[in-house]
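So the sequence lines, in the order shown, correspond to chains A and B. With my numbering, letter number 95 in the first sequence gets 95, and the count goes up by one each step, no holes. In my numbering, each residue carries its 1-based index in the second sequence increased by 202.
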Amino acid sequence: MRYDTQEHAAAVAHGHATTMGLDSRKMAFWAFIGSECLLFGSLISTYLIYKGRSLTGPYPHEILNIPFTSFSTFDLLMSSLAMVLALAAVQRGDMKQGKLWLLVTALLGMVFLGGQVWEFSHFYHEGLGLTTNLFGSTFYVLTGTHGAHVTVGVIWLLTLWVQALRGKLGPANAMTVEITGLYWHFVDVVWIIIFTVVYLIQ
Amino acid sequence: MAEHQAHATTGTYLRIAAILVMITLLEVGVFYVPAFQSVLVPVLLVLSAIKFALVVMFYMHLKFDNKFFSLLFGGPLLLGFLVVVSLLFLFYGGVRLRTGM
């Protein structure tokens, strides 16, 4: 358990150690991510329960655009790669690379959000509103909640990027970047499930 | 610095990204191939679970981190999964009882 000992030493050095020797911020954030599992679990349940029970259209198979959403999925997966590269760069003190990959992650997040805005507006013009049918209600609430999480993530990443530009982010703050990464990757894994459950299993 | 060695290397991150992209392509391919329609749901769920596990283990570092973090994440994840399965069973079971189908 070499990592435990080293993490304990780092946590003690920064005054964030728990009695278990783990960083309290990281522990709290994992607990938060656990609670998010229940939030998205309930939203996915709601979508699945009402799946195929809409009395009027548009229905999923008439409106969902798989090639476009596949690109969005690819975009979000690449943003996760950019995020781990940003963390690795900050940890080794290469702030030039760290700033670059943080910005790339935020930009890829913005591309995803742009795609979601286009998708929502396209669906709306096709006649699918929030209250049109059960599909519309559950689809917009589930993917909209995920989109809100992505928005928070992009703002968080841009804040870190600005801090890095001002020279206030370095290897000593690597845990801050790691926690941001945990949030971003969680948003990614939620999308992995949504892509399968909502878009591919129609 | 030694703490960083406990994490995966850049090469591993790139390989994981390549696998994730390939699985996504496979998912989309399976979706469009009529021969897979009968096994579409289980195949897609397994592929999705592999992608989920790869991101959590390597990008979120749970494979290398303290096992307590795995417990903090795995416990609620399991509970969330059980909530989904229970609700689906309750609602779809209810439909079958009412309609006799």
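Think of the CB as a built atom: it goes at the ideal place given N, C-alpha and C, for glycine as much as any other residue. Remember, it's a predicted structure, so these values are computed and weren't measured experimentally.
C-beta neighbour in chain A for residue i, strict 7 Å
{"i": "M259/B", "result": "no"}
{"i": "F271/B", "result": "yes"}
{"i": "K265/B", "result": "no"}
{"i": "S250/B", "result": "yes"}
{"i": "L274/B", "result": "yes"}
{"i": "P236/B", "result": "no"}
{"i": "T214/B", "result": "no"}
{"i": "A220/B", "result": "no"}
{"i": "V243/B", "result": "yes"}
{"i": "M224/B", "result": "no"}
{"i": "L256/B", "result": "no"}
{"i": "L246/B", "result": "yes"}
{"i": "L279/B", "result": "yes"}
{"i": "F291/B", "result": "no"}
{"i": "G282/B", "result": "yes"}
First and last residue of the uninterrupted alpha helix (DSSP H) at residue i
{"i": "Y183/A", "result": "174-194"}
{"i": "G21/A", "result": "Where G21/A is concerned, there is no enclosing alpha helix (DSSP H), given that its DSSP letter is neither H nor E."}
{"i": "S80/A", "result": "66-91"}
{"i": "F112/A", "result": "95-125"}
Buried or exposed (CB count within 10 angstroms, at least 16 for buried), residue i
{"i": "W118/A", "result": "exposed"}
{"i": "A122/A", "result": "Rather than Ala, the amino acid found at residue 122/A in this sequence is His. It is exposed - the Cβ of H122/A has fewer than 16 other Cβ atoms within 10 Å."}
{"i": "H125/A", "result": "exposed"}
{"i": "P278/B", "result": "buried"}
{"i": "A204/B", "result": "At A204/B the pLDDT is 35, less than 50, meaning the model places this residue with poor confidence and gives no usable figure here."}
{"i": "S240/B", "result": "exposed"}
{"i": "Y261/B", "result": "buried"}
{"i": "Y199/A", "result": "buried"}
{"i": "I192/A", "result": "buried"}
{"i": "F291/B", "result": "exposed"}
{"i": "L81/A", "result": "buried"}
{"i": "G129/A", "result": "exposed"}
{"i": "W33/A", "result": "The residue asked about is misnamed: residue 33/A is Ile in this sequence, not Trp. Its Cβ being crowded by 16 or more others within 10 Å, I33/A is buried."}
{"i": "E205/A", "result": "As displayed, chain A neither begins before 1 nor continues past 202, which places residue 205/A out of reach and without an answer."}
{"i": "I155/A", "result": "exposed"}
{"i": "L43/A", "result": "buried"}
Beta-carbon contacts of residue i that lie in its chain and below 7 Å, excluding the five residues immediately before and after
{"i": "G98/A", "result": "A86, A89, V90, A164"}
{"i": "G144/A", "result": "none"}
{"i": "L102/A", "result": "A86, L157, L160, W161, A164"}
Residue i, DSSP secondary structure in three states
{"i": "A255/B", "result": "helix"}
{"i": "A210/B", "result": "coil"}
{"i": "D267/B", "result": "coil"}
{"i": "L280/B", "result": "helix"}
{"i": "G136/A", "result": "helix"}
{"i": "V230/B", "result": "helix"}
{"i": "M224/B", "result": "helix"}
{"i": "I248/A", "result": "Nothing about residue 248/A can be read from this structure; chain A reaches only from 1 to 202."}
{"i": "T145/A", "result": "helix"}
{"i": "M262/B", "result": "coil"}
{"i": "L128/A", "result": "coil"}
{"i": "V150/A", "result": "helix"}
{"i": "T159/A", "result": "helix"}
{"i": "L169/A", "result": "coil"}
{"i": "V235/B", "result": "coil"}
{"i": "Y50/A", "result": "coil"}
{"i": "L55/A", "result": "coil"}
Proximal residues to residue i (C-beta, below 8 Å), its chain only, five neighbours per side dropped
{"i": "L222/B", "result": "K253, L256, V257"}
{"i": "G127/A", "result": "G57, P58"}
{"i": "T73/A", "result": "W191, I192, F195"}
{"i": "V287/B", "result": "none"}
{"i": "L113/A", "result": "G147, V150, T151, V154"}
{"i": "I66/A", "result": "Y199, L200"}
{"i": "S35/A", "result": "none"}
Same chain, Cβ closer than 6 Å to residue i, five either side skipped, listed in chain order
{"i": "A220/B", "result": "none"}
Chain B within 7 Å of residue i, Cβ atoms only
{"i": "G34/A", "result": "yes"}
{"i": "I179/A", "result": "no"}
{"i": "I49/A", "result": "yes"}
{"i": "V189/A", "result": "yes"}
{"i": "T69/A", "result": "no"}
{"i": "S79/A", "result": "no"}
{"i": "S45/A", "result": "yes"}
{"i": "A31/A", "result": "yes"}
{"i": "L134/A", "result": "no"}
{"i": "L107/A", "result": "no"}
{"i": "V84/A", "result": "yes"}
{"i": "L200/A", "result": "yes"}
Residue-chain proximity (residue i, chain C), Cβ-Cβ < 7 Å
{"i": "V141/A", "result": "The question asks about chain C, but that chain is absent: this structure's protein chains are A and B."}
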